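Trainee:
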Amino acid sequence: MPREPGRVHGTPGRSEPLDLSRPRRVHVVGAGGAGMSAIASVLAAMGHVVTGSDLKNSTALERLAASGVKVFVGHDADHVAGAEVVAVSTAIPEANPELQEARRRGLTVVSRADALAAIAACRRCIAVSGTHGKTTTTSMLALILIEAGLHPSFLIGGDVNEIGTNAVWDSGDWLVLEADESDGTFLHLVPDIAVVTNVEADHLDYYGDLDHLVDAFDRFLASGASGAVVGADDAVAARLGAGRGADLVGSTPNATHRIEDIETGDGVSFALRVGGALLGRIALPVTGANIARNAAVAVVAAQRAGVPFEAAQRALARFAGVARRFESRGEAQGVRFVDDYAHLPTEVEAVIAAARDTAPGRLVVVFQPHRYSRIAALGEQFAEAFTGADVVVITDVFAAGETPLPGVTGRVVADAVHSAHPTLDVTYIAGRAELQAHVAGLLAPGDLCLTLGAGDLTSLPDELQATTPW
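For the sequence shown, the working numbering assigns the number 540 to the initial residue and increments by one for each residue that follows.
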(Lines of atoms letter the chains of each structure in order from A and count residues from 1; the text may use other names and numbers.)
(Lines give C-alpha, C1' and ligand atoms only; values in the text may rest on other atoms or scores of the structure.)
Protein backbone atom coordinates (compact mmCIF):
# COMPACT_ATOMS: atom_id res chain seq x y z
CA MET A 1 0.00 0.00 0.00
CA PRO A 2 1.26 3.56 -0.64
CA ARG A 3 2.19 5.84 2.17
CA GLU A 4 -0.51 8.33 3.14
CA PRO A 5 0.09 11.34 0.86
CA GLY A 6 1.26 14.52 2.54
CA ARG A 7 1.81 13.12 6.06
CA VAL A 8 5.57 12.82 5.75
CA HIS A 9 6.34 16.18 7.36
CA GLY A 10 3.00 17.72 8.27
CA THR A 11 2.16 18.85 11.79
CA PRO A 12 0.88 15.77 13.66
CA GLY A 13 -2.88 15.90 14.06
CA ARG A 14 -3.32 18.94 11.80
CA SER A 15 -6.25 18.44 9.43
CA GLU A 16 -7.29 21.98 8.48
CA PRO A 17 -5.77 23.37 5.26
CA LEU A 18 -3.22 26.15 5.35
CA ASP A 19 -5.01 29.51 5.06
CA LEU A 20 -3.18 31.91 2.73
CA SER A 21 -5.96 34.50 2.61
CA ARG A 22 -4.08 36.61 5.17
CA PRO A 23 -0.35 37.50 5.29
CA ARG A 24 1.78 34.70 6.74
CA ARG A 25 5.45 34.33 7.68
CA VAL A 26 6.70 31.19 5.93
CA HIS A 27 10.11 29.52 6.01
CA VAL A 28 10.80 27.07 3.15
CA VAL A 29 13.23 24.24 3.86
CA GLY A 30 14.79 22.89 0.67
CA ALA A 31 14.09 26.10 -1.26
CA GLY A 32 16.74 25.30 -3.89
CA GLY A 33 14.70 22.48 -5.43
CA ALA A 34 12.57 23.18 -8.50
CA GLY A 35 9.25 22.59 -6.77
CA MET A 36 10.05 24.34 -3.49
CA SER A 37 11.70 27.33 -5.17
CA ALA A 38 8.52 27.82 -7.21
CA ILE A 39 6.43 27.69 -4.03
CA ALA A 40 8.71 30.19 -2.24
CA SER A 41 8.65 32.56 -5.22
CA VAL A 42 4.87 32.50 -5.51
CA LEU A 43 4.30 32.89 -1.77
CA ALA A 44 6.49 36.00 -1.79
CA ALA A 45 4.68 37.40 -4.83
CA MET A 46 1.37 36.83 -3.03
CA GLY A 47 2.57 39.16 -0.29
CA HIS A 48 3.68 36.69 2.37
CA VAL A 49 6.97 37.14 4.22
CA VAL A 50 9.17 34.29 3.00
CA THR A 51 12.59 32.95 3.95
CA GLY A 52 14.26 29.86 2.56
CA SER A 53 17.23 27.57 3.02
CA ASP A 54 19.04 24.77 1.25
CA LEU A 55 22.16 22.70 1.76
CA LYS A 56 24.12 24.45 -1.00
CA ASN A 57 23.85 27.54 -3.14
CA SER A 58 22.15 27.32 -6.53
CA THR A 59 20.67 29.38 -9.32
CA ALA A 60 17.25 28.88 -7.73
CA LEU A 61 18.41 30.34 -4.39
CA GLU A 62 20.09 33.26 -6.16
CA ARG A 63 16.87 33.96 -8.06
CA LEU A 64 14.86 33.92 -4.82
CA ALA A 65 17.35 36.30 -3.19
CA ALA A 66 17.09 38.65 -6.17
CA SER A 67 13.31 38.71 -5.74
CA GLY A 68 13.63 39.79 -2.10
CA VAL A 69 13.39 36.43 -0.33
CA LYS A 70 15.93 36.07 2.48
CA VAL A 71 17.84 32.86 1.79
CA PHE A 72 20.32 30.80 3.81
CA VAL A 73 22.93 28.38 2.53
CA GLY A 74 23.10 25.49 4.98
CA HIS A 75 20.57 24.38 7.58
CA ASP A 76 20.46 25.83 11.09
CA ALA A 77 17.76 25.92 13.76
CA ASP A 78 18.02 29.72 13.96
CA HIS A 79 16.71 30.03 10.40
CA VAL A 80 13.12 29.38 11.49
CA ALA A 81 13.13 32.31 13.92
CA GLY A 82 10.21 34.60 13.15
CA ALA A 83 8.33 32.03 11.06
CA GLU A 84 4.84 30.83 11.86
CA VAL A 85 4.68 28.24 9.08
CA VAL A 86 7.48 25.97 7.90
CA ALA A 87 7.11 24.33 4.48
CA VAL A 88 9.30 21.27 3.98
CA SER A 89 10.41 19.43 0.87
CA THR A 90 9.94 15.66 0.82
CA ALA A 91 13.72 15.42 0.32
CA ILE A 92 14.32 16.83 3.82
CA PRO A 93 14.90 14.20 6.55
CA GLU A 94 13.09 14.38 9.86
CA ALA A 95 16.46 14.95 11.57
CA ASN A 96 16.95 18.29 9.78
CA PRO A 97 17.71 20.92 12.47
CA GLU A 98 15.24 23.44 11.05
CA LEU A 99 12.44 20.90 10.98
CA GLN A 100 13.29 19.77 14.50
CA GLU A 101 13.30 23.37 15.73
CA ALA A 102 9.93 24.00 14.09
CA ARG A 103 8.55 20.99 15.94
CA ARG A 104 10.07 22.21 19.21
CA ARG A 105 8.52 25.65 18.81
CA GLY A 106 5.12 24.21 17.92
CA LEU A 107 5.08 25.89 14.51
CA THR A 108 2.74 24.75 11.77
CA VAL A 109 4.72 22.38 9.52
CA VAL A 110 3.36 21.72 6.03
CA SER A 111 4.52 19.41 3.31
CA ARG A 112 5.13 20.55 -0.24
CA ALA A 113 1.75 19.04 -1.15
CA ASP A 114 -0.09 21.03 1.53
CA ALA A 115 1.64 24.29 0.55
CA LEU A 116 0.81 23.73 -3.11
CA ALA A 117 -2.82 22.92 -2.33
CA ALA A 118 -3.11 26.11 -0.25
CA ILE A 119 -1.80 28.20 -3.15
CA ALA A 120 -4.09 26.42 -5.63
CA ALA A 121 -7.10 27.16 -3.43
CA CYS A 122 -6.61 30.87 -4.15
CA ARG A 123 -7.26 30.57 -7.90
CA ARG A 124 -9.16 28.58 -10.50
CA CYS A 125 -6.72 25.79 -11.19
CA ILE A 126 -5.66 23.71 -14.20
CA ALA A 127 -3.52 20.89 -12.79
CA VAL A 128 -1.34 18.87 -15.18
CA SER A 129 -0.07 15.45 -14.19
CA GLY A 130 1.31 12.36 -15.91
CA THR A 131 4.27 10.01 -15.76
CA HIS A 132 6.12 12.14 -18.29
CA GLY A 133 5.45 15.21 -20.42
CA LYS A 134 3.78 17.18 -17.65
CA THR A 135 6.45 19.90 -17.40
CA THR A 136 6.35 20.56 -21.15
CA THR A 137 2.54 20.42 -21.27
CA THR A 138 2.19 22.76 -18.28
CA SER A 139 4.67 25.19 -19.87
CA MET A 140 2.78 25.20 -23.16
CA LEU A 141 -0.52 25.73 -21.36
CA ALA A 142 0.84 28.68 -19.40
CA LEU A 143 2.12 30.33 -22.58
CA ILE A 144 -1.23 29.83 -24.32
CA LEU A 145 -3.12 31.49 -21.46
CA ILE A 146 -0.59 34.34 -21.45
CA GLU A 147 -1.07 34.81 -25.21
CA ALA A 148 -4.84 34.91 -24.66
CA GLY A 149 -4.39 37.84 -22.27
CA LEU A 150 -5.63 35.96 -19.21
CA HIS A 151 -2.61 36.89 -17.02
CA PRO A 152 -2.34 33.41 -15.48
CA SER A 153 -0.24 32.43 -12.51
CA PHE A 154 1.80 29.25 -12.84
CA LEU A 155 4.08 26.85 -10.99
CA ILE A 156 6.13 24.50 -13.16
CA GLY A 157 8.88 21.97 -12.47
CA GLY A 158 11.25 23.42 -15.08
CA ASP A 159 12.11 26.84 -16.45
CA VAL A 160 10.08 27.89 -19.51
CA ASN A 161 12.61 29.11 -22.07
CA GLU A 162 10.17 31.71 -23.39
CA ILE A 163 9.79 33.27 -19.94
CA GLY A 164 12.98 32.25 -18.12
CA THR A 165 11.31 31.20 -14.87
CA ASN A 166 9.19 28.39 -13.44
CA ALA A 167 6.82 30.43 -11.28
CA VAL A 168 4.73 33.59 -11.68
CA TRP A 169 1.91 35.00 -9.59
CA ASP A 170 -0.21 37.26 -11.78
CA SER A 171 -3.58 39.00 -11.59
CA GLY A 172 -5.74 36.61 -13.63
CA ASP A 173 -8.23 34.05 -12.39
CA TRP A 174 -6.31 30.98 -13.57
CA LEU A 175 -3.42 29.09 -11.99
CA VAL A 176 -1.62 26.55 -14.19
CA LEU A 177 0.07 23.97 -12.03
CA GLU A 178 2.35 21.00 -12.59
CA ALA A 179 0.83 18.37 -10.32
CA ASP A 180 3.37 15.81 -9.12
CA GLU A 181 2.24 12.24 -8.63
CA SER A 182 5.54 10.95 -7.22
CA ASP A 183 4.54 11.40 -3.56
CA GLY A 184 0.78 11.77 -3.86
CA THR A 185 0.94 15.59 -4.07
CA PHE A 186 -1.67 15.74 -6.84
CA LEU A 187 -4.29 14.14 -4.63
CA HIS A 188 -4.26 17.20 -2.36
CA LEU A 189 -5.53 19.41 -5.19
CA VAL A 190 -9.11 20.22 -6.18
CA PRO A 191 -8.59 21.58 -9.70
CA ASP A 192 -11.19 23.01 -12.03
CA ILE A 193 -9.56 21.08 -14.90
CA ALA A 194 -7.51 17.91 -14.33
CA VAL A 195 -5.04 16.94 -17.06
CA VAL A 196 -3.20 13.60 -17.39
CA THR A 197 -0.67 13.15 -20.18
CA ASN A 198 -0.04 9.40 -19.61
CA VAL A 199 0.13 6.74 -16.91
CA GLU A 200 3.08 4.34 -16.75
CA ALA A 201 4.79 2.31 -14.04
CA ASP A 202 6.91 4.65 -11.92
CA HIS A 203 7.31 5.66 -8.27
CA LEU A 204 6.41 2.13 -7.22
CA ASP A 205 8.57 2.62 -4.13
CA TYR A 206 5.79 4.99 -2.99
CA TYR A 207 2.68 3.32 -4.41
CA GLY A 208 3.72 -0.29 -3.88
CA ASP A 209 2.37 -1.55 -7.21
CA LEU A 210 0.94 -0.37 -10.50
CA ASP A 211 -2.67 -0.84 -9.41
CA HIS A 212 -2.31 1.72 -6.60
CA LEU A 213 -0.61 4.16 -8.98
CA VAL A 214 -3.42 3.81 -11.52
CA ASP A 215 -6.02 4.26 -8.81
CA ALA A 216 -4.34 7.49 -7.72
CA PHE A 217 -4.49 8.87 -11.26
CA ASP A 218 -8.15 7.87 -11.48
CA ARG A 219 -8.92 9.77 -8.28
CA PHE A 220 -7.01 12.78 -9.59
CA LEU A 221 -9.07 12.80 -12.80
CA ALA A 222 -12.25 12.56 -10.76
CA SER A 223 -11.25 15.69 -8.83
CA GLY A 224 -11.59 17.96 -11.89
CA ALA A 225 -14.62 20.04 -10.99
CA SER A 226 -15.10 21.30 -14.56
CA GLY A 227 -13.82 18.26 -16.41
CA ALA A 228 -10.64 16.52 -17.46
CA VAL A 229 -8.29 16.14 -20.43
CA VAL A 230 -6.14 13.05 -21.06
CA GLY A 231 -3.62 11.83 -23.60
CA ALA A 232 -5.47 9.14 -25.54
CA ASP A 233 -2.34 7.59 -27.08
CA ASP A 234 -1.55 6.09 -23.68
CA ALA A 235 -3.79 3.06 -23.14
CA VAL A 236 -4.11 3.40 -19.36
CA ALA A 237 -4.77 7.13 -19.41
CA ALA A 238 -7.31 6.68 -22.21
CA ARG A 239 -9.17 4.01 -20.23
CA LEU A 240 -9.28 6.18 -17.11
CA GLY A 241 -10.28 9.25 -19.10
CA ALA A 242 -13.09 7.44 -20.88
CA GLY A 243 -14.43 6.29 -17.53
CA ARG A 244 -14.46 9.90 -16.27
CA GLY A 245 -15.93 11.48 -19.41
CA ALA A 246 -12.70 13.33 -20.18
CA ASP A 247 -11.62 14.87 -23.47
CA LEU A 248 -9.42 12.22 -25.13
CA VAL A 249 -6.59 13.78 -27.12
CA GLY A 250 -4.43 11.74 -29.48
CA SER A 251 -4.02 9.99 -32.80
CA THR A 252 -5.97 6.85 -31.83
CA PRO A 253 -9.47 6.16 -33.22
CA ASN A 254 -11.10 6.54 -29.78
CA ALA A 255 -9.82 10.12 -29.37
CA THR A 256 -12.44 12.86 -29.13
CA HIS A 257 -9.78 15.33 -30.30
CA ARG A 258 -7.74 13.76 -33.11
CA ILE A 259 -4.10 14.56 -33.92
CA GLU A 260 -3.57 14.10 -37.65
CA ASP A 261 -0.86 14.62 -40.29
CA ILE A 262 2.15 14.99 -37.97
CA GLU A 263 5.18 16.41 -39.77
CA THR A 264 8.59 16.48 -38.08
CA GLY A 265 11.95 18.01 -38.94
CA ASP A 266 13.46 21.15 -37.46
CA GLY A 267 10.09 21.55 -35.76
CA VAL A 268 6.81 19.67 -35.61
CA SER A 269 3.35 20.46 -36.93
CA PHE A 270 0.01 18.66 -36.85
CA ALA A 271 -3.69 19.12 -37.53
CA LEU A 272 -6.24 18.92 -34.71
CA ARG A 273 -9.77 17.72 -35.45
CA VAL A 274 -12.85 17.47 -33.19
CA GLY A 275 -15.37 15.03 -34.60
CA GLY A 276 -15.64 15.94 -38.26
CA ALA A 277 -14.51 19.53 -37.77
CA LEU A 278 -10.94 20.65 -38.39
CA LEU A 279 -9.88 23.15 -35.73
CA GLY A 280 -6.69 24.03 -37.60
CA ARG A 281 -3.00 23.30 -37.71
CA ILE A 282 -0.46 23.79 -34.90
CA ALA A 283 3.23 24.35 -35.71
CA LEU A 284 6.04 24.44 -33.14
CA PRO A 285 9.76 25.22 -33.57
CA VAL A 286 10.74 22.22 -31.41
CA THR A 287 10.49 18.70 -32.75
CA GLY A 288 9.21 15.25 -31.87
CA ALA A 289 5.94 13.33 -32.00
CA ASN A 290 5.83 13.49 -28.20
CA ILE A 291 5.94 17.31 -28.43
CA ALA A 292 2.93 17.18 -30.75
CA ARG A 293 0.97 15.07 -28.26
CA ASN A 294 1.84 17.39 -25.37
CA ALA A 295 0.89 20.45 -27.43
CA ALA A 296 -2.47 18.97 -28.43
CA VAL A 297 -3.32 18.21 -24.79
CA ALA A 298 -2.36 21.77 -23.83
CA VAL A 299 -4.53 23.22 -26.60
CA VAL A 300 -7.59 21.22 -25.56
CA ALA A 301 -7.11 22.09 -21.87
CA ALA A 302 -6.81 25.77 -22.80
CA GLN A 303 -10.03 25.54 -24.79
CA ARG A 304 -11.77 24.15 -21.72
CA ALA A 305 -10.64 27.35 -19.99
CA GLY A 306 -12.24 29.41 -22.76
CA VAL A 307 -9.13 30.22 -24.83
CA PRO A 308 -9.60 30.62 -28.61
CA PHE A 309 -7.75 28.17 -30.84
CA GLU A 310 -5.98 31.03 -32.59
CA ALA A 311 -4.30 32.12 -29.34
CA ALA A 312 -2.93 28.60 -28.94
CA GLN A 313 -1.58 28.69 -32.50
CA ARG A 314 0.23 31.97 -31.87
CA ALA A 315 1.68 30.89 -28.52
CA LEU A 316 2.97 27.52 -29.67
CA ALA A 317 4.49 28.96 -32.83
CA ARG A 318 7.12 30.58 -30.60
CA PHE A 319 7.39 27.88 -27.92
CA ALA A 320 11.12 27.60 -27.25
CA GLY A 321 10.92 24.57 -24.98
CA VAL A 322 11.78 23.97 -21.35
CA ALA A 323 15.17 23.76 -19.72
CA ARG A 324 16.53 20.20 -20.02
CA ARG A 325 13.84 19.21 -22.54
CA PHE A 326 15.71 18.62 -25.81
CA GLU A 327 17.82 21.64 -24.92
CA SER A 328 20.58 22.65 -27.32
CA ARG A 329 23.86 22.87 -25.39
CA GLY A 330 26.17 24.18 -28.09
CA GLU A 331 28.51 22.94 -30.79
CA ALA A 332 32.27 22.29 -30.83
CA GLN A 333 34.61 20.57 -33.28
CA GLY A 334 31.63 19.88 -35.54
CA VAL A 335 29.74 18.02 -32.78
CA ARG A 336 26.29 19.19 -31.66
CA PHE A 337 25.25 18.71 -28.03
CA VAL A 338 21.65 18.27 -26.84
CA ASP A 339 20.55 17.53 -23.26
CA ASP A 340 17.24 16.10 -22.07
CA TYR A 341 15.68 15.13 -18.73
CA ALA A 342 14.32 11.82 -20.10
CA HIS A 343 14.86 8.99 -17.61
CA LEU A 344 12.00 6.52 -18.21
CA PRO A 345 12.05 3.93 -21.02
CA THR A 346 9.31 5.50 -23.14
CA GLU A 347 10.75 8.98 -22.59
CA VAL A 348 14.19 7.84 -23.72
CA GLU A 349 12.75 6.16 -26.81
CA ALA A 350 10.74 9.28 -27.75
CA VAL A 351 13.65 11.70 -27.33
CA ILE A 352 15.99 9.46 -29.35
CA ALA A 353 13.36 9.35 -32.10
CA ALA A 354 13.16 13.15 -32.08
CA ALA A 355 16.96 13.41 -32.16
CA ARG A 356 17.12 11.00 -35.09
CA ASP A 357 14.85 13.36 -37.06
CA THR A 358 17.44 16.13 -36.66
CA ALA A 359 20.67 14.09 -36.84
CA PRO A 360 21.94 13.34 -40.36
CA GLY A 361 25.16 11.93 -38.88
CA ARG A 362 25.85 9.57 -35.98
CA LEU A 363 23.68 9.77 -32.87
CA VAL A 364 25.78 9.17 -29.74
CA VAL A 365 23.57 8.74 -26.66
CA VAL A 366 24.89 8.98 -23.10
CA PHE A 367 22.33 7.85 -20.50
CA GLN A 368 22.44 8.18 -16.72
CA PRO A 369 19.94 5.86 -14.97
CA HIS A 370 18.02 7.57 -12.17
CA ARG A 371 17.27 6.10 -8.70
CA TYR A 372 18.12 2.56 -7.61
CA SER A 373 14.48 1.73 -6.88
CA ARG A 374 13.45 2.82 -10.39
CA ILE A 375 16.17 0.78 -12.11
CA ALA A 376 15.36 -2.26 -9.95
CA ALA A 377 11.73 -2.04 -11.09
CA LEU A 378 12.15 -0.88 -14.69
CA GLY A 379 15.72 -1.71 -15.73
CA GLU A 380 14.76 -4.50 -18.12
CA GLN A 381 12.22 -2.23 -19.84
CA PHE A 382 15.04 -0.10 -21.30
CA ALA A 383 15.91 -2.96 -23.66
CA GLU A 384 14.10 -1.38 -26.63
CA ALA A 385 14.58 2.28 -25.71
CA PHE A 386 17.89 2.90 -27.53
CA THR A 387 17.31 1.30 -30.92
CA GLY A 388 17.38 4.66 -32.71
CA ALA A 389 20.93 5.41 -31.53
CA ASP A 390 24.19 4.54 -33.27
CA VAL A 391 26.33 4.46 -30.10
CA VAL A 392 25.08 4.13 -26.50
CA VAL A 393 27.03 4.79 -23.30
CA ILE A 394 25.38 3.94 -19.96
CA THR A 395 26.68 5.49 -16.72
CA ASP A 396 26.14 4.38 -13.16
CA VAL A 397 22.90 5.18 -11.32
CA PHE A 398 22.27 8.69 -10.02
CA ALA A 399 21.10 8.00 -6.47
CA ALA A 400 18.86 11.07 -5.92
CA GLY A 401 19.24 10.47 -2.18
CA GLU A 402 18.49 6.75 -2.25
CA THR A 403 20.60 4.06 -0.62
CA PRO A 404 22.24 1.71 -3.17
CA LEU A 405 20.54 -1.64 -3.72
CA PRO A 406 22.65 -4.81 -4.09
CA GLY A 407 23.23 -5.68 -7.72
CA VAL A 408 21.50 -2.55 -9.05
CA THR A 409 23.88 -0.48 -11.19
CA GLY A 410 23.84 1.03 -14.64
CA ARG A 411 25.02 -2.35 -15.91
CA VAL A 412 21.43 -3.62 -15.46
CA VAL A 413 20.34 -1.24 -18.23
CA ALA A 414 23.39 -1.86 -20.41
CA ASP A 415 22.96 -5.64 -20.19
CA ALA A 416 19.25 -5.40 -21.04
CA VAL A 417 19.99 -3.34 -24.16
CA HIS A 418 22.89 -5.55 -25.23
CA SER A 419 20.90 -8.77 -24.75
CA ALA A 420 18.04 -7.48 -26.90
CA HIS A 421 20.30 -5.88 -29.54
CA PRO A 422 23.74 -7.54 -29.54
CA THR A 423 24.91 -5.61 -32.62
CA LEU A 424 24.19 -2.20 -31.07
CA ASP A 425 27.31 -0.44 -29.75
CA VAL A 426 26.56 -0.30 -26.00
CA THR A 427 29.13 0.41 -23.27
CA TYR A 428 28.76 0.68 -19.49
CA ILE A 429 31.15 3.06 -17.72
CA ALA A 430 30.67 3.77 -14.02
CA GLY A 431 33.25 6.48 -13.21
CA ARG A 432 32.64 10.10 -14.23
CA ALA A 433 36.26 10.82 -15.22
CA GLU A 434 36.40 7.63 -17.27
CA LEU A 435 33.03 8.51 -18.82
CA GLN A 436 34.18 11.94 -19.98
CA ALA A 437 37.37 10.52 -21.51
CA HIS A 438 35.47 7.69 -23.22
CA VAL A 439 32.81 9.94 -24.77
CA ALA A 440 35.46 12.43 -25.89
CA GLY A 441 37.25 9.58 -27.66
CA LEU A 442 34.04 8.58 -29.45
CA LEU A 443 32.94 11.92 -30.85
CA ALA A 444 33.72 13.06 -34.36
CA PRO A 445 32.59 15.94 -36.61
CA GLY A 446 28.99 15.48 -37.73
CA ASP A 447 27.90 13.66 -34.55
CA LEU A 448 24.98 14.62 -32.35
CA CYS A 449 25.80 13.88 -28.69
CA LEU A 450 22.57 13.42 -26.71
CA THR A 451 22.83 13.30 -22.91
CA LEU A 452 19.80 11.82 -21.12
CA GLY A 453 18.86 11.57 -17.45
CA ALA A 454 17.42 13.44 -14.47
CA GLY A 455 20.69 13.62 -12.54
CA ASP A 456 23.98 15.49 -12.84
CA LEU A 457 24.87 14.25 -16.33
CA THR A 458 23.55 17.61 -17.56
CA SER A 459 27.01 19.11 -16.97
CA LEU A 460 28.76 16.67 -19.35
CA PRO A 461 28.19 18.71 -22.55
CA ASP A 462 29.85 21.74 -20.95
CA GLU A 463 32.72 19.62 -19.63
CA LEU A 464 33.33 18.09 -23.05
CA GLN A 465 33.24 21.44 -24.84
CA ALA A 466 35.61 22.95 -22.27
CA THR A 467 38.23 20.29 -23.09
CA THR A 468 38.12 20.55 -26.91
CA PRO A 469 39.88 19.60 -29.07
CA TRP A 470 39.42 16.04 -27.93
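The C-beta atom is built at its ideal place from N, Cα and C for all residues, glycine as well.
Nothing here was measured: the structure is a model prediction, and the numbers come from that model.
Considering just the uninterrupted stretch of the alpha helix (DSSP H) at Glu941, what are its terminal residues?
Mentor: Numbered from its first residue, the sequence shown carries residue 941 at position 402. No alpha helix (DSSP H) contains Glu941, which DSSP labels as neither H nor E.
Trainee: Spell out the partners DSSP gives Lys609 in its beta bridges.
Mentor: As a position in the sequence shown, residue 609 is number 70, starting the count at 1. According to DSSP, Lys609 bridges with Thr590.
Trainee: Beta carbon of Asp772, beta carbon of Gly784: below 7 Å?
Mentor: On the sequence shown, position 233 is the one that residue 772 refers to. On the sequence shown, position 245 is the one that residue 784 refers to. Going by C-beta atoms, Asp772 is not nearer than 7 Å to Gly784.
Trainee: Work out the CA separation of Asp986 and Gly869 for me, nearest whole Å.
Mentor: Counting from one through the sequence shown, the residue named residue 869 turns up at place 330. Counting from one through the sequence shown, the residue named residue 986 turns up at place 447. Going by the C-alpha atoms only, they are around 12 Å apart.
Trainee: With distance defined between alpha-carbon atoms, name the residue in Cys664, Ala993 and Leu557 nearest to Gly766.
Mentor: Here residue 766 refers to the residue found at position 227 of the sequence shown. Residue Cys664 is the option with its Cα nearest to Gly766.
Trainee: How about the region 898-918 and the region 980-996: do they share at least three Cβ pairs that are nearer than 8 Å?
Mentor: With a cut-off of 8 Å, the region 980-996 and the region 898-918 count as touching, because enough Cβ pairs lie within range.
Trainee: Is the separation between the beta-carbon of Thr659 and that of Leu728 shorter than 7 Å?
Mentor: The residue labelled residue 659 in the question sits at position 120 within the sequence shown. The residue labelled residue 728 in the question sits at position 189 within the sequence shown. It should be pointed out that residue 659 corresponds to Ala in this sequence rather than to Thr. Contact flag set, yes.
Trainee: Just how far apart, CA to CA, sit His977 and Arg950?
Mentor: Along the sequence shown, one-based indexing puts residue 977 at 438. Along the sequence shown, one-based indexing puts residue 950 at 411. Each residue's Cα considered, the two are about 16 Å apart.
Trainee: Excluding the 5 residues preceding and the 5 following Pro541 in the sequence, name in chain order all residues of the same chain whose CB lies nearer than 7 Å to its CB.
Mentor: For the purposes of this step, residue 541 is taken as residue 2 along the sequence shown, with counting starting at 1. With a pLDDT of only 45 at Pro541, under the threshold of 50, the placement of this residue in the model should not be trusted, and no figure is reported.
Trainee: What beta strand (DSSP E) runs, 3 residues minimum, are completely inside the region 746-815?
Mentor: Those beta strand (DSSP E) runs which fall completely within the region 746-815 and span 3+ residues are 767-770, 786-789, 796-803 and 807-813.
Trainee: In terms of DSSP beta bridges, what is Phe906 paired with?
Mentor: Here residue 906 refers to the residue found at position 367 of the sequence shown. In DSSP, Phe906 forms a bridge with Ile933 and Leu991.
Trainee: Following the continuous beta strand (DSSP E) through Val877, name the residue where it begins and the one where it ends.
Mentor: Here residue 877 corresponds to residue number 338 of the sequence shown, with the count starting at 1. Here the beta strand (DSSP E) through Val877 covers Val874 to Asp879.
Trainee: Cα separation between Ala1018 and Val707?
Mentor: Examination of residue 1018 is not possible in this model, given that the chain is present from 540 through 1009 alone.
Trainee: May I have the straight-line CA-CA distance separating Ala972 from Gln1004, to the nearest angstrom?
Mentor: Here residue 972 refers to the residue found at position 433 of the sequence shown. Here residue 1004 refers to the residue found at position 465 of the sequence shown. Those two C-alpha atoms are separated by around 15 Å.
Trainee: Let's see if you can read the secondary structure: which residues bound the beta strand (DSSP E) around Leu726?
Mentor: Taking the sequence shown and counting its residues from 1, the one referred to as residue 726 is at position 187. No beta strand (DSSP E) holds Leu726; DSSP gives it neither H nor E.
Trainee: Since Ile578 contacts Val567 with CB under 8 Å, what's their CB separation in whole angstroms?
Mentor: Indexing the sequence shown from 1 puts residue 578 at position 39. Indexing the sequence shown from 1 puts residue 567 at position 28. Sure, about 6 Å apart at Cβ, within 8 Å.
Trainee: Which residue comes first and which comes last in the alpha helix (DSSP H) that contains Ser867?
Mentor: Against the sequence shown, residue 867 aligns to sequence position 328. Ser867 -> not in any alpha helix (DSSP H); beta strand (DSSP E) instead, spanning Glu866 to Ala871.
Trainee: What is the residue span of the beta strand (DSSP E) that Arg564 lies within?
Mentor: Taking the first residue of the sequence shown as 1, we reach residue 564 at position 25. Start and end: Arg564 to Val568.
Trainee: With which residues is Val965 paired in a DSSP beta bridge?
Mentor: Counting from 1 along the sequence shown, the entry for residue 965 is found at position 426. Its beta-bridge partners are Val931.
Trainee: Identify which residue in Leu981, Arg651 and Gln975 has its Cα closest to the Cα of Gln1000.
Mentor: Counting from 1 along the sequence shown, the entry for residue 1000 is found at position 461. Going by the sequence as given, residue 1000 is Pro instead of Gln. If we check each option's Cα against that of Pro1000, Gln975 comes out closest.
Trainee: Quick check on Ala666: does DSSP put it in helix, strand or coil?
Mentor: Locating residue 666 in the sequence shown gives position 127, counting from the first residue. Note: Ala666 maps to strand in three-state DSSP.
Trainee: Of all the options Gly669, Gly688 and Val588, which has the alpha carbon lying nearest to the alpha carbon of Asn737?
Mentor: Working through the sequence shown from its first residue, we reach residue 737 at position 198. Among Gly669, Gly688 and Val588, the Cα nearest to that of Asn737 belongs to Gly669.
Trainee: Nearest-angstrom Cα distance between Leu557 and Asp757?
Mentor: Translated into the one-based positions of the sequence shown, residue 557 becomes position 18. Translated into the one-based positions of the sequence shown, residue 757 becomes position 218. Using only the alpha carbons, I get a separation of about 25 Å.
Trainee: Would you call the region 672-692 and the region 841-850 in contact, with 3 or more CB pairs under 8 Å?
Mentor: The answer is yes - the region 841-850 touches the region 672-692, with three or more Cβ pairs under 8 Å.
Trainee: Since Trp713 sits in a beta bridge, which residues does DSSP pair it with?
Mentor: Translated into positions along the sequence shown, residue 713 becomes position 174. According to DSSP, Trp713 bridges with Arg663.
Trainee: Give the C-beta separation of Gly672 and Asn829 to the nearest angstrom, bearing in mind that I take them to be a contact with Cβ-Cβ under 8 Å.
Mentor: In the sequence shown, the residue the question calls residue 672 occupies position 133. In the sequence shown, the residue the question calls residue 829 occupies position 290. Sure, about 7 Å apart at Cβ, within 8 Å.
Trainee: Between Gly612 and the rest of its own chain, which residues show a CB-CB distance below 6 Å, the 5 nearest in sequence each way excluded?
Mentor: What you label residue 612 is simply residue 73 of the sequence shown in a count that begins at 1. For the sequence presented, residue 612 should be read as Val rather than Gly. Taken in chain order, the residues that qualify are Asn596.
Trainee: DSSP three-state call for Ala829: helix, strand or coil?
Mentor: As a working mapping, residue 829 is identified with position 290 in the sequence shown. The question names Ala, but residue 829 in the sequence shown is Asn. Three-state result, Asn829: helix.
Trainee: Kindly indicate the opening and closing residues of the beta strand (DSSP E) around Ile631.
Mentor: Here the question's residue 631 lines up with position 92 in the sequence shown. No beta strand (DSSP E) holds Ile631; DSSP gives it neither H nor E.
Trainee: Are three or more beta carbon pairs between the region 798-814 and the region 835-844 nearer than 8 Å?
Mentor: Yes, they touch.
Trainee: DSSP three-state call for Arg820: helix, strand or coil?
Mentor: Taking the sequence shown and counting its residues from 1, the one referred to as residue 820 is at position 281. Correct three-state label for Arg820: strand.
Trainee: Quick test of the definition: if touching needs 3 or more C-beta pairs under 8 Å, does the region 886-901 touch the region 915-927?
Mentor: Segments in contact, yes.
Trainee: Roughly how far, in whole angstroms, is the beta-carbon of Ala979 from the beta-carbon of Thr934, given that I think they are within contact range, below 8 Å?
Mentor: As a working mapping, residue 979 is identified with position 440 in the sequence shown. As a working mapping, residue 934 is identified with position 395 in the sequence shown. Contact doesn't hold; Cβ gap of about 14 Å is too wide.
Trainee: Which residue marks the beginning of the beta strand (DSSP E) containing Val735, and which one marks its end?
Mentor: The residue given as residue 735 occupies position 196 in the sequence shown. That run of the beta strand (DSSP E) goes Ile732 to Val735.
Trainee: So if DSSP puts Ser692 in a beta bridge, which residue, or which two residues, is it bridged to?
Mentor: By one-based count along the sequence shown, residue 692 stands at place 153. Paired residues: Leu714.
Trainee: Based on Cα-Cα distance, which residue from Ser912, Tyr911 and Ala822 lies nearest to Ala854?
Mentor: Within the sequence shown, the letter at position 315 stands for residue 854. Among Ser912, Tyr911 and Ala822, the Cα nearest to that of Ala854 is on Ala822.
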